[in-house]
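A quick write-up on the structure given underneath.
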Amino acid sequence: MTSKRNTAIDAAGSLRAARDDHAGVVKLTRELVRIPSRGGIDPYDPVLDYMESWLVEHGLACRRLAGPGGTTAALACEVIGAGPGPRYVLDACLDTAPFGDESAWTYPPTSGEITGEWLHGRGSSDSKAGAAIFAHIVARLQQTADQWPGCVVLLFDVDEHTGAFGGAKAFFEGENVGRVDGVMIGYPGKDHVVTGGRGVLRTRMHVHGVASHSGASKTTPSAIAKATALISRLHEARLPGPSGPAFPLPAKLTVTAINGGEGYSTVPDLCTFNVDVRLTPALDDQAALELLRSAAADVDAAWPGTQPSHVEVTTRWPPFALPEQAPLRTALLNAANAAGLAATAKVAGPSNIGNYLAGLGIPALAGFGVEYQGLHGTDEQILLKSIPSVQATYHQALLTLLTLS
Numbered sequence: 001m002t003s004k005r006n007t008a009i010d011a012a013g014s015l016r017a018a019r020d021d022h023a024g025v026v027k028l029t030r031e032l033v034r035i036p037s038r039g040g041i042d043p044y045d046p047v048l049d050y051m052e053s054w055l056v057e058h059g060l061a062c063r064r065l066a067g068p069g070g071t072t073a074a075l076a077c078e079v080i081g082a083g084p085g086p087r088y089v090l091d092a093c094l095d096t097a098p099f100g101d102e103s104a105w106t107y108p109p110t111s112g113e114i115t116g117e118w119l120h121g122r123g124s125s126d127s128k129a130g131a132a133i134f135a136h137i138v139a140r141l142q143q144t145a146d147q148w149p150g151c152v153v154l155l156f157d158v159d160e161h162t163g164a165f166g167g168a169k170a171f172f173e174g175e176n177v178g179r180v181d182g183v184m185i186g187y188p189g190k191d192h193v194v195t196g197g198r199g200v201l202r203t204r205m206h207v208h209g210v211a212s213h214s215g216a217s218k219t220t221p222s223a224i225a226k227a228t229a230l231i232s233r234l235h236e237a238r239l240p241g242p243s244g245p246a247f248p249l250p251a252k253l254t255v256t257a258i259n260g261g262e263g264y265s266t267v268p269d270l271c272t273f274n275v276d277v278r279l280t281p282a283l284d285d286q287a288a289l290e291l292l293r294s295a296a297a298d299v300d301a302a303w304p305g306t307q308p309s310h311v312e313v314t315t316r317w318p319p320f321a322l323p324e325q326a327p328l329r330t331a332l333l334n335a336a337n338a339a340g341l342a343a344t345a346k347v348a349g350p351s352n353i354g355n356y357l358a359g360l361g362i363p364a365l366a367g368f369g370v371e372y373q374g375l376h377g378t379d380e381q382i383l384l385k386s387i388p389s390v391q392a393t394y395h396q397a398l399l400t401l402l403t404l405s
């Protein structure tokens with residue numbers, strides 16, 4: 001039940017505020033898009049510098065968080081309300097996917113070109129528009145901080161598109177992270193609120209053979225042939241289907257890369273391949289790991305004279321799904337409905353930062369945002385008129401969560 005005190009604007013008020021901010025959100029998004037910040041390619045300081053300047057100009061003090069190697073990996077600021085209460089985080093990444101073939105773009109990837117209702121450029125949807133929206137919401141909350149309890153943290157992370165999540169880890173695994181009641185992540189798409197996602201177990205399989213000259217009279221076991229047998233066995237493995245209505249996706253196993261051998265005259269004694277297993281409540285990481293080890297042991301037994309295969313775990317994130325009555329989920333879905341949007345809850349197939357947070361025991365929503373085209377592809381762009389309703393939704397959801405009694 002939400003508080004009836006005059007501490008929160010109603011849904012109509014949130015929408016009016018978002019419409020008033022629209023030009024500012026577009027301008028900030030455009031300037032961020034014009035700063036190249038490809039994950040693992042471009043330096044992150046320029047885009048963080050620009051966002052920090054904007055925040056300071058709007059009265060928001062922020063701090064930089066160091067990632068691995070001491071480089072800046074995130075920008076954070078916190079607005080504290082009137083008295084104790086919950087603490088929520090708005091998170092959006094400021095690094096982007098690579099450009100791909102720049103000659104294939106209608107407008108340069110860092111043009112920030114506006115044509116009609118569309119703003120073009122890499123990172124416009126993922127997730128510089130989300131960052132601009134969140135910045136304006138927190139600036140609004142700062143102005144009314146004496147009217148709501150609790151805290152709101154603004155987190156702009158980089159090193160997200162590398163898969164390392166250096167910025168998020170710098171905050172959520174920091175010494176002084178403090179209480180976190182929930183995280184809302186500004187990934188794009190207004191048709192769904194991503195309330196869950198399949199987890200992931202990523203492994204590197206090391207398969208052994210016996211080296212020899214390929215022209216020798218005696219044939220020795222080839223690591224590549226043995227790896228092929230193991231890949232075929234994994235491909236034929238029976239995986240669990242959906243675990244129920246709350247998690248309607250099945251588990252999935254994919255071999256994504258293989259490497260072995262060199263030249264022509266040597267029988268290879270080592271072949272490695274990568275396995276990506278998408279986890280569900282019906283197939284957790286331990287069950288998936290046991291499946292891989294069991295398959296490897298069976299193949300090893302069929303190849304006498306070779307060393308046992310080794311399963312190297314590189315990534316392990318659990319699946320997650322917020323319960324139907326979780327405050328984070330209901331607040332955002334209700335706010336979207338009040339803003340005139342017909343968003344529905346969705347469990348996503350790909351893993352995301354929500355899975356990482358689930359591993360830390362932190363509830364998260366991993367996607368709701370502007371309309372877009374070309375995510376991670378050529379001619380990425382966002383529909384500008386979709387911005388106000390998204391901003392109003394997040395703003396109203398936060399006010400609801402902060403004033404829950």
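For what it's worth, UniProt numbering labels the leading residue of the sequence shown as 1, then goes sequentially.
Using N, Cα and C, we set each Cβ at its ideal position, and we do this for glycine too.
Small disclaimer: the values here were computed from a predicted structure and weren't measured.
**Message:** Counting C-beta neighbours from all protein chains within 10 Å, is the total for T219 16 or more, i.e. buried, or is it exposed?
**Reply:** exposed
**Asked** Is it buried or exposed for S37, if we count other Cβ within 10 angstroms and need 16 for buried?
**Response** buried
**Message:** Does the structure place the stretch 181-195 close enough to the stretch 330-345 that three or more beta carbon pairs sit under 8 Å?
**Reply:** Output reads yes: the stretch 181-195 touches the stretch 330-345.
**Prompt:** How close, in whole Å, do the beta carbons of G260 and A227 come, if the pair is a contact with beta carbons under 8 Å?
**Reply:** 6 Å
**Request:** Could I get the ranges of all uninterrupted alpha helix (DSSP H) runs contained in the stretch 118-147, with 4 residues as the minimum, in chain order?
**Result:** Within the stretch 118-147, the complete alpha helix (DSSP H) segments of 4 residues or longer fall at 129-143, listed in chain order.
**Request:** Check whether the Cβ atoms of M184 and T272 sit closer than 8 Å, and answer yes or no.
**Result:** no
**Message:** Extract the residue ranges of the beta strand (DSSP E) inside the stretch 142-227, only unbroken runs of 3 or more that lie entirely within it.
**Reply:** Correct list: 151-157, 182-185, 192-197, 199-208.
**Message:** Which residue marks the beginning of the beta strand (DSSP E) containing I258, and which one marks its end?
**Reply:** 252-260
**Request:** Consult DSSP for I382 and reduce its assignment to one of helix, strand or coil.
**Result:** In the displayed model, I382 falls within a strand according to three-state DSSP.
**Asked** At a Cβ threshold of 8 Å, is D298 touching chain D?
**Response** Going by chain labels, chain D is absent from the structure shown, which holds only one protein chain.
**Request:** My understanding is that A104 touches T195, with C-beta atoms under 8 Å, so please give their C-beta distance in whole angstroms.
**Result:** At roughly 35 Å, the Cβ-Cβ gap does not stay under 8 Å, so A104 and T195 are not in contact.
**Request:** Using the Cα positions of N334 and D298, report the straight-line distance between them to the nearest angstrom.
**Result:** 52 Å
**Member of L75, S125, P388 whose CA lies at the smallest distance from the CA of I382** = Among L75, S125, P388, the Cα nearest to that of I382 is on S125.
**Asked** Among the residues of its own chain, which have a CB less than 8 Å from the CB of G100, if the five just before and after it don't count?
**Response** G377, T378
**Asked** Do W54 and L75 have their CB atoms nearer than 8 Å?
**Response** No, these two residues do not count as a Cβ contact at 8 Å.
**Message:** Tell me which residue opens and which closes the beta strand (DSSP E) that D276 is part of.
**Reply:** 270-279
**Asked** What separation, rounded to the nearest whole angstrom, lies between the Cα atoms of L48 and A229?
**Response** One C-alpha to the other measures close to 49 Å.
**Prompt:** Within 10 angstroms of its Cβ, does S351 collect 16 or more other Cβ (buried), or is it exposed?
**Reply:** buried
**Asked** Among A246, A392, P221, which one has its Cα closest to the Cα of Q325?
**Response** Q325 has its Cα closest to that of A246, out of A246, A392, P221.
**Item:** Beta-carbon separation (whole angstroms), A139 vs L60, contact threshold 8 Å
**Value:** Contact between A139 and L60 holds: CB atoms are separated by about 6 Å, below the 8 Å threshold.
**Prompt:** Are A314 and T203 close, meaning C-beta to C-beta below 8 Å?
**Reply:** Residue 314 is actually Thr in this sequence, not Ala. Cβ atoms of T314 and T203: closer than 8 Å.
**Prompt:** Unbroken beta strand (DSSP E) runs of length 3 or more, entirely within the stretch 285-340: which are they?
**Reply:** Whole beta strand (DSSP E) segments, 3+ residues: 310-317.
**Prompt:** When the Cα of L289 is compared with those of G24, L253, G121, D95, which residue comes out closest?
**Reply:** L253
**Message:** According to DSSP, simplified to helix, strand and coil, what is R34?
**Reply:** Under the three-state reduction of DSSP, R34 is assigned to coil, being neither helix nor strand.
**Asked** At what residue ranges does the stretch 337-377 contain a whole run of the beta strand (DSSP E), taking only runs of 3 or more?
**Response** Listed in chain order, the complete beta strand (DSSP E) runs (minimum 3 residues) inside the stretch 337-377 are 344-348.
**Request:** Give the straight-line distance between the Cα atoms of G116 and A287, rounded to the nearest whole angstrom.
**Result:** 51 Å
**Request:** Apply the 10 Å Cβ neighbour rule to E160 and answer buried if 16 or more other Cβ atoms are within range, or exposed otherwise.
**Result:** Here E160 is buried: its Cβ has 16 or more other Cβ atoms, across all protein chains shown, within 10 Å.
**Asked** Cβ of T96 within 8 Å of Cβ of G123?
**Response** A contact, by the Cβ cut-off of 8 Å.
**A73: first and last residue of the uninterrupted beta strand (DSSP E) it sits in** = 72-80
**Request:** May I have the straight-line CA-CA distance separating Q142 from R198, to the nearest angstrom?
**Result:** 36 Å
**Message:** So the candidates are Y394, S217, G121; which of them puts its Cα closest to the Cα of V26?
**Reply:** G121
**Message:** Which of the three DSSP states is assigned to G263 in this structure?
**Reply:** DSSP places G263 in coil when its eight states are reduced to three.
**Message:** Can you check which of these residues, A295, W303, V210, is closest to T266 by C-alpha distance?
**Reply:** V210
**Item:** 8 Å Cβ cutoff met for T306 and H235
**Value:** No, Cβ-Cβ distance for T306 and H235 is not below 8 Å.
**Message:** Among H213, W317, P308, whose alpha-carbon lies nearest the alpha-carbon of T280?
**Reply:** For the residues H213, W317, P308, the minimum Cα distance to T280 belongs to W317.
**Prompt:** Which same chain residues, not among the five before or five after S386, have their C-beta less than 7 Å away from its C-beta?
**Reply:** K190, V370, E371
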